[in-house]
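Mapped onto the numbering used here, the consecutive letters of the sequence shown carry residue numbers 32 to 293.
Ideal Cβ placement from N, Cα and C applies to all residues, glycine included.
As the structure is a prediction and not an experimental result, all values here were calculated from the model.
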Amino acid sequence: MLRQVGTRIIPGQQFYSDLEVEYHGVEAADHRVNLNLSSAQLHVKSRDMSSCVVKSRSKNPYTAVQVDPDSDYITPGTLDLEQLFWTGTGAQYAHVNQVWPSVYIGDEKTALERPGLRDLGITHVLNAAEGKWNNVLTGADYYSDMGIQYYGVEADDKPTFNIAQYFCPATQFIHEALSQPQNKVLVHCVMGRSRSATLVLAYLMTKHSLTVVDAIEHVRQRRCILPNHGFLKQLRALDITLQEERLRQKKRDPSPIVHNRQ
32 MLRQVGTRII PGQQFYSDLE VEYHGVEAAD HRVNLNLSSA QLHVKSRDMS
82 SCVVKSRSKN PYTAVQVDPD SDYITPGTLD LEQLFWTGTG AQYAHVNQVW
132 PSVYIGDEKT ALERPGLRDL GITHVLNAAE GKWNNVLTGA DYYSDMGIQY
182 YGVEADDKPT FNIAQYFCPA TQFIHEALSQ PQNKVLVHCV MGRSRSATLV
232 LAYLMTKHSL TVVDAIEHVR QRRCILPNHG FLKQLRALDI TLQEERLRQK
282 KRDPSPIVHN RQ
């Protein structure tokens, strides 16, 4: 039989008497618990509290984080970032696409076709799938007679791979290449969708002040990309770090930061 307590119906042991079910009930009240804390334990400075909240929330990759309380921008959780690739319309897949002035994302076929690189005017190649286990066996010697500057990254397209370790060197390679206006950079992996796209997104976020959302939306309108789940986590972490740096800069210099979108 059922027991009624207030407006709630609660089953008891007799309710399960015809079943092979062992029943045990706990009478717990759903009330707010008042902790007997001292005033010293309760005294937390507001700025310390906000810092703790941001840090703890940023550790959860599935939680949205608002770093700057005066900004409307909120860094999405990883699952929300994944949804960006399944909503709206993006570019159709091609071997190579220009995604930013003088920056191209391509696949293995593009990297191996030297005449095609010459036609595009490529001066720098960033191989995000270097090494015998990644199937794009080019290297500096492959382009030595073309005057192409080469940089290789032995990245594995697995969610557990730490691609963030290459964010800074890859960004610097692209940035230095584009310091000369005549230069053009090809960033590629095997398919040109995950590893290479992740490094280009990190470059746009770091050097052009795009948020991770803006960077993804910008690139996916120009190329069919799909960074794996783990790479999106790391881009999200980069986004939070950059937002924190800009917040500190804003406190030092209140002049607005202009986002460079092209």
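Segment limits, alpha helix (DSSP H) that includes residue i
i: residue 234; result: 226–238
i: residue 203; result: 198–208
i: residue 252; result: Where residue 252 is concerned, there is no enclosing alpha helix (DSSP H), given that its DSSP letter is neither H nor E.
DSSP three-state assignment for residue i, whether helix, strand or coil
i: residue 282; result: helix
i: residue 167; result: coil
i: residue 126; result: coil
i: residue 160; result: strand
i: residue 144; result: coil
i: residue 211; result: coil
i: residue 97; result: coil
i: residue 241; result: coil
i: residue 217; result: strand
i: residue 121; result: coil
i: residue 274; result: helix
i: residue 104; result: coil
i: residue 261; result: helix
Delimiting residues of the beta strand (DSSP E) encompassing residue i
i: residue 136; result: 134–137
i: residue 313; result: An answer regarding residue 313 cannot be provided, because it is not within the stretch 32 to 293 covered by the chain.
i: residue 183; result: 180–183
Beta-carbon contacts of residue i that lie in its chain and below 6 angstroms, excluding the five residues immediately before and after
i: residue 99; result: 278
i: residue 135; result: 127, 129, 217
i: residue 274; result: 98
i: residue 245; result: none
i: residue 117; result: none
7 angstroms Cβ cutoff, residue i in contact with chain E
i: residue 157; result: Absent from the structure: chain E. Only one protein chain is present.
Whole-number beta carbon distance between residue j and residue i, since they are thought to touch under 8 angstroms
i: residue 126; j: residue 138; result: 5 angstroms
i: residue 106; j: residue 95; result: 6 angstroms
Close beta carbons around residue i, own chain, < 8 angstroms, minus the five adjacent residues each side
i: residue 191; result: 261
Any non-hydrogen atom of the ligand FAD closer than 6 angstroms to residue i Cβ
i: residue 177; result: With respect to small molecules bound, the structure shown includes none, and the ligand FAD cannot be examined in it.
Beta-carbon proximity list for residue i, same chain, < 7 angstroms, skipping 5 on both sides
i: residue 250; result: 130, 228, 231, 232, 256
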